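Data first, discussion second: the structure below is written as structure tokens.
In UniProt numbering, the protein residues as written are 1 to 366.
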């Protein structure tokens, strides 16, 4: 008979057990490990890196976490007030109304009402702009994601010297990059989603020459703006090594071009800024059998799925000559291809009058 002892999880060093906890959700830690033995119960009690994600959670597990968790143990909190989680935030507030999550580094509030925000932040008489400012100024906050209707944010008020490193703004109409970057010196990533079917504005400081070197990544979704404004913004961020833009573009509105003349479009990206300064290359496609659609994308294309039409005839131009770089593939990021076998009639296509032109933009520039 072997005298070797079989290792038990309860005998593992504390550091290893906490590393295991880092890769488990809160309900698993509380329901499985806490009840195993006295030592593990003590380790769970002292573990201070809990991530609470209440987006997809059963009512039983929700009640379990609210009953057993100590707010001082939580570093990340995700609350939801969407269709499948109605009244969740009200229940959460009832459990923690007189307690504070002082160690929170990341806070996500999905579909939240203003009254919920006021309760969570303990400021029952403050405006939404003031509440937002109080969130941003939390000294331990490193990641912030929010989506608030523009009418609730009357002015771009940001506290100076916030420590946030990741910022995502949803439902945006006015974006103030200079103000944000001046107040967030540690900011590395910005992701902005603009509201559809509304005018969008990137508001740059008058004659701003300040360079912001802290930002590494910038993403825009559903943005419609002029290319001159986009270039002016990018020139202020020389450290930027990742730029992503997805949406329907209208920055070609002021250009007099025929819908088949993609050369006029590609010329916008043949300037020194795009070719020499940033070395970012794009491709423009016009499908003859889809005369209302132009596709403009970076190389390689950043979307993960696409529709391929067998019958389509494509005219295209690129700012990069791929034949000189055999290792560069346009399709590197494509995971799914949907093939359309339906035949599209090409009769009289050349005689059609194009009233509405849809320009699809997919940029992911590194």
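By construction, the Cβ of each residue, glycine as well, lies at the ideal position given by its N, Cα and C atoms. None of the values given here were measured: they were computed from a predicted structure.
Supposed close pair residue i, residue j - CB separation, criterion 8 Å
i           : j           : result
residue 221 : residue 202 : Actually they do not touch by this definition, with Cβ atoms about 14 Å apart.
residue 218 : residue 180 : Not quite, the Cβ-Cβ distance comes to about 11 Å (not below 8 Å), so this is no contact.
residue 136 : residue 106 : Going by Cβ atoms, the distance from residue 136 to residue 106 rounds to 13 Å, so no, they are not a contact pair.
residue 104 : residue 70  : So it is not a contact: roughly 13 Å between Cβ atoms.
residue 93  : residue 76  : Not a contact, Cβ separation roughly 18 Å.
residue 196 : residue 164 : Actually they are not in contact, since the Cβ atoms of residue 196 and residue 164 sit about 26 Å apart, beyond 8 Å.
residue 212 : residue 229 : 16 Å between Cβ atoms; not a contact.
residue 138 : residue 185 : With 8 Å as the limit, residue 138 and residue 185 do not qualify as a contact, their Cβ atoms being about 16 Å apart.
residue 112 : residue 89  : 7 Å
Check whether residue i and residue j have beta carbons under 7 Å apart
i           : j           : result
residue 336 : residue 305 : yes
residue 332 : residue 302 : no
residue 367 : residue 315 : Nothing in the structure corresponds to residue 367, since the chain is present only between 1 and 366.
residue 284 : residue 266 : yes
residue 269 : residue 319 : yes
residue 383 : residue 183 : The structure shown does not extend to residue 383, since the chain is modelled only from 1 to 366, so the question has no answer here.
residue 10  : residue 39  : yes
residue 216 : residue 188 : yes
residue 80  : residue 55  : yes
residue 53  : residue 27  : no
residue 223 : residue 200 : yes
residue 373 : residue 66  : The chain is shown from 1 up to 366; residue 373 falls before or after that span and cannot be answered.
Residues near residue i in its chain [Cβ-Cβ closer than 6 Å; skip 5 each side]
i           : result
residue 48  : 73
residue 170 : 147 and 193
residue 109 : 79
residue 17  : 43
residue 12  : none
Own chain partners of residue i with C-beta closer than 7 Å, once the 5 adjacent residues on each side are dropped
i           : result
residue 276 : none
residue 14  : 43
residue 168 : 145 and 191
residue 68  : 30
residue 370 : There is simply no residue 370 to check, as the chain begins at 1 and stops at 366 in what is shown.
residue 231 : 273
Contact set for residue i: own chain, Cβ-Cβ below 8 Å, skip 5 residues either direction
i           : result
residue 233 : 177, 202 and 204
residue 262 : 284, 285, 286, 294, 315, 316 and 317
residue 64  : 27, 30 and 31
residue 239 : 212, 213, 214, 215 and 216
beta-carbon residue i near the ligand SAM non-hydrogen atom, thresh 6 Å
i           : result
residue 110 : The model on display carries no ligand, and the ligand SAM is accordingly not part of it.
Runs of beta strand (DSSP E) lying entirely within the UniProt domain "F-box" (6-54), each at least 3 residues, in chain order:
Whole beta strand (DSSP E) segments, 3+ residues: 50-53.
Continuous alpha helix (DSSP H) assignments of at least 4 residues falling wholly in the segment 78-125:
88-96 and 114-121, all fully within the segment 78-125.
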